[in-house]
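Protein chains in written order, with my numbering: chain S, 4 to 517; chain Z, 12 to 274; chain Y, 4 to 317; chain V, 32 to 349.
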Amino acid sequence: MKRLFGWLIGLLLAGQGLAQTYILAQMDAGDPNPFAPLRQAGPHWVVTSFVYDTLLWRDAQKPIPWLAESWRWNADKTELRLSLRKGVRWHDGKPFTAEDVRFTFELLKARPELSNQANLVKDYVERVETPDPYAVVFRFRRPVPDFLEQVLGWEKVVPAHIWGKVDNPLGYQGPDRYVGTGPFQVREYRRGEYYLFEANPDYFAGQPRVTQLVLREVANPVLALRQGEVDAASLPPRLAKEFSGQTGFLLTPPQPSYFYTKFTFNTARTPTNRREFRQALAYGINRERLIQQVLQGDGIVASPGGLHPESPWFVKGLPSYAYNPERALALLARLGYRRQGARLLDPQGRETFLSLLCRGQDNARGCALVKEDLEGLGLRVELKVLETAPMEEVLSKGEFLLAYYAHGGTFNFFQNPDFPASVYKNPRYNELYRVFIEAKIPGDRLRAAGEIQGLLTEELPALPLYHPLVQAVYRDKAGIRLFWTRGGLAGRGGPPSFYNKLAFIEPKGEVYRR
Amino acid sequence: MKIAILALLAPSLGLLALSFFLPYPRASFPAYLPPGPGHPLGTDDAGYDVLSLLAYGARTTLGVGFLAGSLATFLGAGIGGSAGLWSRLEAPLMRLTDLFFAFPRLPLLILMSLYLRPDPLNAVLVLALFGWPDTARTLRPLVAGLRQAGYVRVARSLGAGGVYLLTQHVLPQAWPLVATQWILEVRFALMAGAGLAFLGLTDPTQPDWGVMLFQAFNRTETFLGPYWIWTVLPPALALASLVLGLSLAVLGRPRQLDPRLGG
Amino acid sequence: MPLLEVQKLSVAFPKPGGYEEVLREVSFCLEAGETLALIGESGGGKSVLIEALLRLLPRESRVSGRAFFQFQGRDLLAMPLREHRSLLGQKIAWIPQAATEALHPLLPVGFQLAEPLLVRGIPRREAYARLVGLFRALDLPEEALHRYPHQLSGGMRQRALVAGALATGATLVLADEPTKGVDVLRKDQTIALFQKSRVLNPGMGLLLVTHDLPFAQALAQKVVVLYAGKVVEEGKAQTFFQGPLHPYAQALLEALPERGFKPLPLGLGREGRGGCPFFPFCPEGSMPCEEGDPPLFQTPKGRVRCWRYGDTGP
Amino acid sequence: MRRVLALLGHSLALALLALALNFFLLRLAPASPFAALERDDLGTVFTAEQRARLEAHYGLDRPLWAQFLAYFGRLFQGRLGESFYFNQPVTQVIVPYLANTAILVGLGFFPALLVGLLLALLSVAFHRTPLEGGLFTTMILLKSLPPYFTAMALLLLLAVLWPLFPTTATSLPGMGFGENLRRLFLPALAYALWEVGTIYLVARGALFSVLGSPFVAYARAKGVPESWVYLRHVLRAALPPLLARITLLLAGSLGGVFFVERVFAYPGLSTLALAAVGRFDYPLLEGVFLVSLGAVLFLNLLADLLLAFLDPRTREAA
């Protein structure tokens, strides 16, 4: 009965956009202030994207001008001139000007620990000038074409008139820390339970569709959706399908997430220091079965090149290491491993023992399956499960042989090879990466990307396993239409999410057309 | 009452025996098969056969439970006994017991998970560490009472050393009570062990009843479909019946020392 | 019609493989205004008799026989429990044995003593007033009412219990070993206490259970001697104390220091072998005593269960 | 008052020892909060400089003994330092979670106490009858079920199969009292079911030990009706040792709450603790340990005080 009633109310109010609340299922990410270096970037970023704005934003497909109306590079890409949007106000009513942008990036330059991407600002930005209240000029020490998306699409602009007075921004607890320009203002944050955001009526990009937006921590999103305890959640397709066809519910098409699970080798230790050994193990792991058993089919096999198929630099046609135990054993034989009955003996005739570390309880299932596959080849595998912090410690110190864990950010490359940098050094990779970052002509970038992916596929410091499929399920209220932001919310391969703030505002005039 | 206890202990022992006939559980079946031919208890979310998981799980759960229980009883009897016998030792040992009682278990549990790799052996150590104070606290007053018992004083006057007294006189007398404590400690270890697993502080790839419950709990499907019937009930009932059996077994046993012992 | 007439009262407790007889067909009468002393070695079942009358024995015990109570001439043992319970604390009062444990450690003394009155609906003020009067009569300090049992001395506690019993205005008072654990010095104080309570409540029937003969002699008008659960002698107090009939009673008297301090023969007699239970210890034991258990013979100086008083006379 | 001082002294010594342990156990663990910086959940890698500046901000760059002094210095001012993960004072982070756990324990423990006591009284009054037999076995059964199983069963039965109660234990803005009660009902019930068994058994034991004492017979002999005998005499005599033991029980029972919070994802202290372990947030962990230690010590002290004050015999001596 309760659900029917809730649905009826939704229908009635949908039209007029009267006082209405929309509840999103969202993990609690701590205080919604702008600076949270240690907090998981994804969830905190999604929560704060409703309260603060960046110079660039992204729609379903591409980056779009946001607080910055337009921008121009100089010839050798060492200077970037931006003209800002006018008439934008902070939540406390003060006007948004170029001084806020200058202050924000000078702050990040001085204190790079405030945000993940701030080290790029420190390394590349020499000075930030404001020729007039609505124009900003970045001067770079070295050309960095990707700066727009990687940094300006990521860093939240903060009000100078508030943070200017704060000597230690990281632990600042003043009530005005929540002032932003975003479509919603922070009304209440109940730790571990919910964020209550209130609409910012004169938001520059459009009128928010609901007066109150609640981001709520829920144990079981499916049950919460059924009972009307939340209005939107992202689910794996197998759980989302019960809502397709139900009146009042809308679903986005299933989407491979930018998170991926991967199997990492310690290239500094025998036997995983041998490239053929790593390739052999890659052939020995049945990734299709992994997806079938762990995700009940809700996943796609990840490319060994380490990039997500949706990434603009994704290269097709790389060798796919499809499950082929015979090929694996052939490779191992070439290295001198002999099969004796059920066991595989190494060149010295000893049994081959491998230790596999697995991060977090939710990966335990996958770990166990990989262990079974490798034992199928005759290897003896000892498996250990560790919590996040101890695991990262072990990885950074290189005290492991094989590791199984998951993280996001597969839309883009990383400064160092996608691997505990402390262990796998590959000068060629770093060279190619520099070329990729500083290439001026798109063609050069694509070629560099292709070479990097080819190198990773051949060298295989880590074998990406799968991308899980996700799908948003949400109530049809206030005309809200969720969509997947290609490339992640913050443009640089940011948090994969269906909660793009554009879906929660009525587009106004030229700023953003759906 | 005896038959009830045996009936309750039977399923666990039966499963333990069964584990020697069933193959080691592998994730080689379709997920969430309902109980039927080939899989009397169906399969779980990752395609493991629930019955073989339960059987092999019995090995770990019972193993850890009985080992930890015995270790805790041994420690408790030793410390409690000596605290009772030598008055000099009484204060420091009992202070130590108080500290263990005072220190909240939850944080200690978590701390252990950081230092110790989560394998069954460490689980035994952790559980024994939590279990022994209870036995120490129960045994000390009784042993102290025994110390005043006539014949113990006589033996002491004949030059019997402390250890001799503890092993020859005190413990044999207190034996029925130590056995009761042993059952209580095993019961605690079983419950707490399954609790450790449920909090994800044990090795999830080692089949174990607590891990089965934890895995089922972690899966949303458990609450959506009828799957909980064969993924949650079997391990829970197996554990509950064993613990219930032990609880009833304790009731019939002596809790206080036999008054004739001059206690 | 006597205040209390006990007929063939028997009590047995379960023991592995059957029942152990503690009281065997005990009969006696207690008149209003009279004090009867029930004498016997401790552990001879005397206290059990009181608990049987109060129906406080554990459920598994087996009680038979009748106890007619003068109040309505009804049988105390047969009436419904609720009705019996309503008599307690009104018509029947109990002065428990170990005064120290009988009082609830955590409740003030006054409240505990007033409880039987409060239960009857007597207002608190009136109940306490009655107690104050009795406390003064038994020279107990008034504020002892508001103190806790552990703050009172042993003697004070006993006097409080007596006051409690008297406060109920009960016609039948059952006192259980009032001198037990009382040192010789205070024994005569206890005697004075009971004499004063007789004065305060002249109409009451007082059943004194004791193994303290001088105490019984000082207070009782009638005496009943129990041995191995049976009444072995019953008679007027004066005649009894000049010369008891039953050999056991004589042995009891002679054991007193002022009467020669002869040691009492050990043991409570042979149950279950038919003959007179006192036979093995009886100085005048003879043939019939070994085979048959003598009945209670009526003699001018009272009833006695001993073959010597058979039809052949003493 | 002498005894109370002794008790306080004892608890204080215990607390100080635990405080020191609390500090070192964490600092020496094989993990550092910044290890997660090797790569955050979006693959970004923090540079060495960023990491160094963060360590400086939290004072982790100083030698261990200096950190230890700072730790104790803060403690005396009642501050618990700043959480690495939340960049906020630890007290500010802990208080809401602690409040939630306190509410859950309050809603669960006290009804369980009342019901447990009542059932114990019933089973003592109806000793050796089927009622007592039935009560006794159900209670033993309740204690043998793992707490998280009862919690899961309740969630399944009363929130999923038969949606009487919400499945989410977290609150919503503007939730009325009734709605709040509804969301707390299942977790509280699950916790109560876990505690009632133990309370019943402890109470039953205590009542039986009192039942045999002479003042009970004396009460009956005063014509006091049976119900009063149990309520006023037996219960009153058993109360001091019983309450003391139950308070100790509460101190040891925080484990039960732990599981209930885990099943309902209830935002309580244990949820915070588990999350803090994953991120290895020293100060927050220290804060959680201190709070739970404080609670346990307080309850132990309360148990001793209850025993002393509720019994007039020991009241003056204390």
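By construction, the Cβ of each residue, glycine as well, lies at the ideal position given by its N, Cα and C atoms.
Among the residues of chain V, those whose CB is under 9 angstroms from the CB of Val122 of chain Y are Lys253, Gly254, Val255, Pro256, Trp259, following chain order.
Taking 8 angstroms as the cut-off, the Cβ atoms of Phe507 of chain S and Val213 of chain S count as close.
Look at Leu117 of chain S here: in three-state DSSP terms it is helix.
In this structure, the alpha-carbon of Ile16 of chain Z lies about 9 angstroms from that of Ser252 of chain Z. Comparing alpha-carbon positions, the option among Z:Pro218, Z:Leu212, Z:Pro41 lying closest to Tyr35 of chain Z turns out to be Z:Pro218.
In terms of Cα proximity to Pro19 of chain Y, the closest of Y:Glu63, Y:Lys49, Y:Leu56 is Y:Glu63.
Exposure of Ser168 of chain Z is indicated by the presence of fewer than 16 other C-beta atoms within 10 angstroms of its C-beta. Under the Cβ distance rule, Ser240 of chain V does not count among the residues neighbouring chain Y, no pair being separated by less than 8 angstroms. Between Met202 of chain Z and Leu64 of chain Z, the C-beta gap is not smaller than 8 angstroms, which leaves the two residues out of contact. Residue pairing from DSSP places Ala28 of chain S in a beta bridge opposite S:Arg219. Cα atoms of Arg128 of chain Z and Val388 of chain S: separation of roughly 8 angstroms, rounded to the nearest angstrom. For Ser237 of chain S, the uninterrupted beta strand (DSSP E) segment begins and ends at 235-238. Scanning chain Y for C-beta atoms nearer than 9 angstroms to the C-beta of Ala248 of chain V yields Glu54, Leu57, Leu59, Trp97, Pro99, Ala105, reported in chain order. At a cut-off of 8 angstroms between beta carbons, Asp335 of chain V makes no contact with chain Y.
Any Cβ of chain Z closer than 8 angstroms to the Cβ of Ala367 of chain S would place that residue at the interface, and such an atom is present. Proximity of Asp95 of chain S to chain V, defined by a Cβ-Cβ separation below 8 angstroms, is not satisfied.
The continuous beta strand (DSSP E) containing Cys361 of chain S extends over residues 356-362. Contact of Tyr179 of chain V with chain Z by beta-carbon distance below 8 angstroms involves Gly206, Phe209, Leu224, Phe228. Between the stretch 257-276 of chain S and the stretch 400-415 of chain S there are three or more C-beta pairs closer than 8 angstroms, enough to call the two in contact. Taking Lys233 of chain Y as reference, the option from Y:Cys32, Y:Lys49, Y:Pro5 with the minimal CA-CA separation is Y:Lys49. Within the same chain, Cβ atoms closer than 8 angstroms to the Cβ of Gly457 of chain S are found at Gly308, Val318, Leu321, the five residues on either side in sequence being excluded. Using a Cβ-Cβ distance cut-off of 8 angstroms, the stretch 364-380 of chain S and the stretch 291-307 of chain S are in contact, since at least three pairs of beta carbons, one from each stretch, lie closer than that value. Of all residues in the stretch 372-406 of chain S, the ones placed with a Cβ closer than 9 angstroms to any Cβ belonging to chain Z are Leu372, Lys374, Glu375, Leu386, Lys387, Val388, Leu389, Glu390, Ala392, Pro393, in chain order. Taking a beta-carbon distance threshold of 8 angstroms, Pro215 of chain Z counts as an interface residue toward chain S. The beta-bridge partner set that DSSP reports for Trp60 of chain S consists of S:Ile67. In the structure shown, Asp376 of chain S falls within a helical segment according to DSSP collapsed to helix, strand and coil. Residue contact check for Val243 of chain Z against chain V: a CB pair falls below 8 angstroms. Residues of the stretch 186-219 of chain S with a C-beta less than 8 angstroms from any C-beta of chain V: Arg190, Glu191, Arg193, Arg194, Gly195, Glu196, Tyr197, Leu199, Gln215, Val217, Arg219, listed in chain order. Residue burial is scored here from C-beta neighbours: Ile26 of chain S has at least 16 other C-beta atoms within 10 angstroms and is therefore classed as buried. Distances from the CA of Gln258 of chain S to each of S:Phe486, S:Gln29, S:Tyr436 were compared; the closest alpha carbon is that of S:Phe486.
About 51 angstroms separates the beta carbons of Tyr116 of chain V and Gly344 of chain S, which is beyond the 8 angstroms limit, so they are not a contact pair. The C-alpha of Leu80 of chain Y is placed about 45 angstroms away from the C-alpha of Phe140 of chain V. Residues of the stretch 177-204 of chain V that bring their beta carbon within less than 9 angstroms of a beta carbon in chain S comprise Leu186, Ala190, Val191, Pro194, Pro197, Thr198, Thr199, Ala200, Thr201, Ser202, Leu203, Pro204, in sequence order.
Annotation for Val61 of chain Z: the continuous alpha helix (DSSP H) segment containing it runs 61-96. At least one CB of chain S lies nearer than 8 angstroms to the CB of Pro64 of chain V. Assignment of Arg84 of chain S by DSSP, reduced to helix, strand and coil, places it in the strand class.
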